[in-house]
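Visitor: Per my numbering, residue 1 is the first one in the sequence shown, and the count goes up by one each step.
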Amino acid sequence: MSTAKLQGIRRVALPRDEDEAPERCILAGLHVRTDLRRNSVAFGSFSAEESIAELAELAAGAGAEVLGHCIQVRDRPVPATLLGSGKLREIHGWAAEAECDFVLFDHDLTASQHRNLERELDRPVLDRTQLILDIFARHARSREGRLQVELAQLEYMLPRLAGRGTAMSRLGGGIGTRGPGETQLESDRRKIRRRLAKLRSGLNKVRATRRLHRAKRTSVPIPTVALCGYTNAGKSTLFNALTRANVLADPRLFATLDPTLRRLELPSDRRALLSDTVGFIRNLPPALIQAFRATLEEVTEADLLVHVVDVSAEHRRVHREQVDRVLEELGASGKPQLLVLNKCDLLDRGLWDREIERERLSGSPTGVVAVSARTGEGLSRLLATIDGVLGAGSVVRKHLRLPYSEGRVLAMLYRRARVLDRRDGDAAVEVEVELTPMLADRLERYSCHES
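#1: Which of the three DSSP states, helix, strand or coil, is assigned to SER372?
#2: Would you decide whether ALA241 is buried or exposed? Buried here means 16 or more other CB atoms lie within 10 Å of its CB.
#3: For the candidate residues VAL66, ASN232, LEU158, LEU199, whose alpha-carbon lies nearest to that of HIS319?
#4: From the DSSP output, in three-state form, read off HIS307 for me.
#5: Is it buried or exposed, PRO403, if we count other Cβ atoms within 10 angstroms and call 16 or more buried?
#6: Using only the alpha-carbon positions, how far apart do GLU265 and PRO223 sit?
#7: Taking 7 Å as the limit between beta carbons, can you name the residues of its chain near GLY234, skipping five residues before and five after?
#8: Taking the alpha carbon of LEU30 as the point to measure from, which residue in VAL78, LEU58, ALA60, ALA62 has its own alpha carbon closest?
#9: Whole angstroms is fine: what's the gap from LEU443's alpha carbon to SER236's?
#10: Could you have a look at ALA111 and say whether DSSP puts it in helix, strand or coil?
#11: For THR260, list the residues DSSP reports as bridge partners.
#12: In the structure shown, what three-state DSSP assignment does HIS319 receive?
#13: Below 8 Å on the Cβ atoms is my guess for LEU67 versus ARG24; work out the distance and round it to an integer in Å.
#14: Give a yes or no on contact between the stretch 85–93 and the stretch 118–126, applying the rule of three or more CB pairs nearer than 8 Å.
#15: Around the Cβ of CYS448, are there at least 16 other Cβ atoms within 10 angstroms (buried) or fewer (exposed)?
#16: Assess, as a yes-or-no matter, whether the stretch 417–426 is touched by the stretch 370–384 under the definition of 3 or more beta carbon pairs within less than 8 Å.
#17: Strictly by DSSP, which residues pair up with HIS399?
#18: State the CB to CB distance for the pair ARG189 and LEU161, rounded to an integer number of angstroms; the pair is presumed to be in contact (CB under 8 Å).
#19: With DSSP collapsed to three states, give me the class of GLY63.
#20: Check whether the stretch 187–206 touches the stretch 147–158, counting contact only when three or more Cβ pairs, one atom from each stretch, lie closer than 8 Å.
#21: Measure the alpha-carbon distance for ALA370 versus ALA384 and round it to whole angstroms.
#22: Using alpha carbons as the reference points, say which of HIS139, ALA428, ALA152, LEU212 lies closest to ARG195.
#23: Assuming LEU390 and LEU304 form a contact by the criterion Cβ under 8 Å, report the distance between their Cβ atoms to the nearest whole angstrom.
#24: Enumerate in chain order the residues of its own chain whose CB-to-CB distance from GLN130 is below 8 Å, with the five nearest sequence positions on each side excluded.
#25: Tell me whether GLU359 is buried or exposed, calling it buried when 16 or more other Cβ atoms sit within 10 Å of its Cβ.
#26: Which residue marks the beginning of the beta strand (DSSP E) containing ASP424, and which one marks its end?
#27: Taking just the CA atoms, how far does LEU327 sit from ARG317?
#28: Looking only at its own chain, which residues have a Cβ that is under 8 Å from the Cβ of ALA62, when we skip the five neighbours before and after it?
#29: Taking just the CA atoms, how far does LEU154 sit from LEU410?
#30: Can a CB atom of chain D be found closer than 9 Å to the CB of LEU131?
#31: By a C-beta neighbour count over all protein chains shown, 10 Å radius and 16 as the cutoff for buried, is PRO22 buried or exposed?
#32: Thinking just about the alpha-carbon of each residue, which of ALA428, ARG401, THR300, VAL396 is nearest to the one in PRO437?
#33: Looking only at its own chain, which residues have a Cβ that is under 6 Å from the Cβ of LEU82, when we skip the five neighbours before and after it?
#34: Report the rounded CA-to-CA distance for GLU355 versus GLN337, giving the unit in angstroms.
#35: Only counting the same chain, and skipping five residues up and downstream in sequence, which positions put a Cβ closer than 7 Å to that of ARG422?
#36: Whose C-alpha, out of TYR230, ARG210, ARG282, TRP94, is nearest the C-alpha of ASP108?
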């Protein structure tokens with residue numbers, strides 16, 4: 001079927017899912033002229049086409065087939081429908097002819113805009129936040145992840161139930177009843193609020209369990225390293241390469257959702273825990289940050305953040321700014337941070353050193369390492385750098401005197417600390433060790449204070 005050639009609409013083709021017939025959608029966006037002038041000054045800002053291209057990747061990750069996109073440039077948005085009436089008529093005609101299942105907007109729509117657009121376009125309308133929530137729902141595997149997704153979905157849905165009128169009302173029971181009674185809207189709101197309370201209670205239990213697990217980990221102090229970065233930067237591939245794990249590594253956005261912890265062996269024979277977390281994205285909805293706070297606590301509690309950047313991405317600096325913004329919202333911006341330029345196998349070797357030098361001159365927080373998680377190049381340098389950062393300033397030297405009855409403590413020191421010297425006496429063992437401050441505080445009662 002041939003489609004009408006509409007002004008301002010460009011069609012793009014994305015591969016179809018062979019397993020099932022995907023839903024077909026049209027992308028729509030608005031760019032205000034004042035925003036365009038302001039963004040043209042900002043370095044590396046997303047253009048209208050680039051923003052829609054990212055939305056197309058998100059739609060593909062949700063299993064949809066994108067028929068094309070439409071971008072309207074206006075002096076200001078239309079309060080009721082975001083886009084102008086003429087552009088909406090064009091989209092309506094194209095969607096009807098192409099048998100489009102829904103229209104996807106590259107904006108967060110208000111409840112009234114959502115209702116008005118569905119009426120004007122005569123088909124379902126989704127916005128950017130709804131799409132991200134759908135992707136999260138597809139990829140959540142653990143009970144915690146599902147609870148967090150459902151919480152975010154219901155919090156998004158609750159303010160958008162209004163406006164269905166008294167047609168969905170029910171008469172109240174009893175003699176002499178007047179008025180419509182409890183409306184279906186009120187009933188739905190009550191059910192959602194009840195479910196929200198149950199979900200929050202469940203997530204509080206998850207947080208309590210995580211705190212218990214974290215307390216157990218810190219009682220035998222092993223440093224934690226958290227991978228963070230823009231979605232599709234290669235975090236899961238790097239995680240697998242460093243830990244020999246088998247975490248899903250997929251080029252689709254948000255393919256990895258549930259956090260994963262694995263042991264990381266460092267060159268100094270010390271051990272650390274490496275955490276792989278959900279990727280960030282431009283304009284990550286605040287509701288998602290709140291709902292996934294239990295998951296993102298792994299970032300806030302880590303000793304070192306490894307910020308993974310796709311060095312081949314055209315807007316990697318914008319990606320870095322978006323990640324830094326989310327880290328600041330989480331209260332993790334002050335943590336030691338190591339910048340990892342991933343996918344360097346896609347660049348010439350000469351560009352590697354140039355990118356590293358540029359990042360160093362720009363004042364990157366802790367250090368810069370270029371790697372290729374796919375080929376393994378640079379991983380040894382990365383491990384050595386992580387080892388050095390975790391060791392610098394985080395080790396104290398102690399002279400301990402352990403009674404022979406405390407053999408388990410001595411064994412733990414050989415596992416978790418660095419034994420420099422040992423002298424076996426008649427009643428106790430004296431050791432000179434390098435260990436973390438947290439472990440030193442736990443073993444303070446064994447300290448030998450020499451005069």
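From the three backbone atoms N, C-alpha and C, an ideal C-beta is built for every residue, glycine too. All figures in this text were calculated on a predicted structure; none of them were measured in a lab.
Guide: Walking through what the data contain:
#1: coil
#2: buried
#3: ASN232
#4: strand
#5: exposed
#6: 11 Å
#7: VAL308, ASP310, ASN342, LYS343, ALA373
#8: VAL78
#9: 37 Å
#10: helix
#11: ASP276
#12: helix
#13: 6 Å
#14: yes
#15: exposed
#16: no
#17: GLU432
#18: 6 Å
#19: coil
#20: yes
#21: 13 Å
#22: ALA152
#23: 6 Å
#24: TYR156
#25: buried
#26: 418–424
#27: 15 Å
#28: LEU131, ASP134, ILE135, ARG138
#29: 52 Å
#30: The structure shown contains no chain D, having only a single protein chain.
#31: buried
#32: VAL396
#33: LEU30, GLN113
#34: 17 Å
#35: VAL429, VAL431
#36: ARG282
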